[in-house]
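Residue numbers (UniProt numbering): 1 to 215.
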C-alpha cells in the first residue's frame, strides 16, 4: 500500500517538476519558488510515508552535495566553480543539521553513507580533471542535483505530514531555486529542448546539456 502511495505521489511530483521547468522559459519567471500555502498540521511526532522518504532522499542529496562540493574545492581552479561549490556545501550542511535535529525525535535515521548511485557519481567525478571536471560539476551538482531536489522538496512540502520536515522543505525550495538559476546562468543552460519535446509529437524532449563553463 505504501509503495502504491509513493508511486502515485512520484507521478504528481514529476508533473510539478515539468510545470516548474516550463515556467522557466516564460519571460520574467524564475525556476522555483514552490513553497506551498497549505496549512501545516499541528506540531507533533507523527509522520507519514512521504516524510520518511523525504528524510532518506534529502539526506542522500545532502551527502552528495557536500561530497561533490568538497571535491570541487580541492580539484578546480575555476573561481565560479569554487564559489558555487562552497554555496552548495553551506546549503547541504544546513539541511543535514536540520534533519539530524528533527529525525531522531521521529524515530527516523538520517543516511550517513552515500547510496550506490552517489558512490558511482563520486567515483566518476574523481577521475576528471581541469575543464572536464568543471563542466561535469556544473552539470551534476548545479543542474541535475537541483532538478532532483526540486521534486524531493516539493513532494514533502505538498504531501508531507510532519510540520518540522515540511518547514525544512519550504526553507530549502527558494535556496534550490537560487542555486539552479545561478548554475543555469553560468552554463547558459536552457529548457527549450524539453518544451519543444512536449509540444512536438515524436520528439524525446531531452533537455540539452550546455558545454559552456565560465572562466
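For every residue, glycine included, the Cβ atom is placed at its ideal position computed from N, Cα and C.
Keep in mind the model is a prediction, meaning the values are calculated, not measured.
Rounded to the nearest angstrom, what separates residue i and residue j at their Cα positions?
i	j	result
residue 192	residue 108	Interpretation of residue 192 is limited by its pLDDT of 39, a score under 50 that renders its predicted location unreliable; no figure is taken from the coordinates.
residue 185	residue 161	35 Å
residue 49	residue 143	27 Å
residue 138	residue 113	23 Å
residue 85	residue 73	7 Å
residue 88	residue 69	6 Å
residue 157	residue 179	19 Å
residue 159	residue 80	36 Å
residue 188	residue 95	28 Å
residue 54	residue 181	23 Å
residue 134	residue 67	15 Å
residue 136	residue 101	33 Å
residue 56	residue 183	25 Å
residue 164	residue 145	23 Å
residue 93	residue 45	23 Å
residue 52	residue 120	24 Å
residue 111	residue 118	12 Å
residue 153	residue 97	16 Å
residue 13	residue 76	Because the pLDDT of residue 13 is 46, which lies under 50, any placement of that residue in the model is unreliable, and the question is left without a value.
residue 125	residue 83	18 Å
residue 106	residue 177	28 Å
residue 21	residue 122	Bear in mind that a pLDDT of 43 at residue 21, under 50, signals an unreliable position, so the model cannot answer this.
residue 169	residue 155	9 Å
residue 78	residue 71	13 Å
Is the shortest distance between the beta-carbon of residue i and the beta-carbons of chain C less than 8 Å?
i	result
residue 179	Checking the listed chains, one finds no chain C in this structure; it contains a single protein chain.
Starting from the Cα of residue i, find the closest Cα among the options and give me that residue.
i	options	result
residue 91	189, 187, 141, 164	141
residue 99	122, 177, 166	166
residue 115	183, 105, 59	59
residue 47	83, 103, 71, 124	103
Query - Whole runs of the alpha helix (DSSP H) within the segment 39-98, excluding any shorter than 4 residues - result: 49-75
**Report entry** Cβ contact check for the segment 126-135 and the segment 60-69: 3 or more pairs under 8 Å
**Finding:** no
Query raised in the report: Counting pairs of beta carbons, one from the segment 143-158 and one from the segment 166-174, are three or more of them closer than 8 Å?
Result: yes
Requested in this report: Ignoring anything shorter than 3 residues or poking outside the segment 123-151, list the beta strand (DSSP E) runs there in chain order.
Outcome: none
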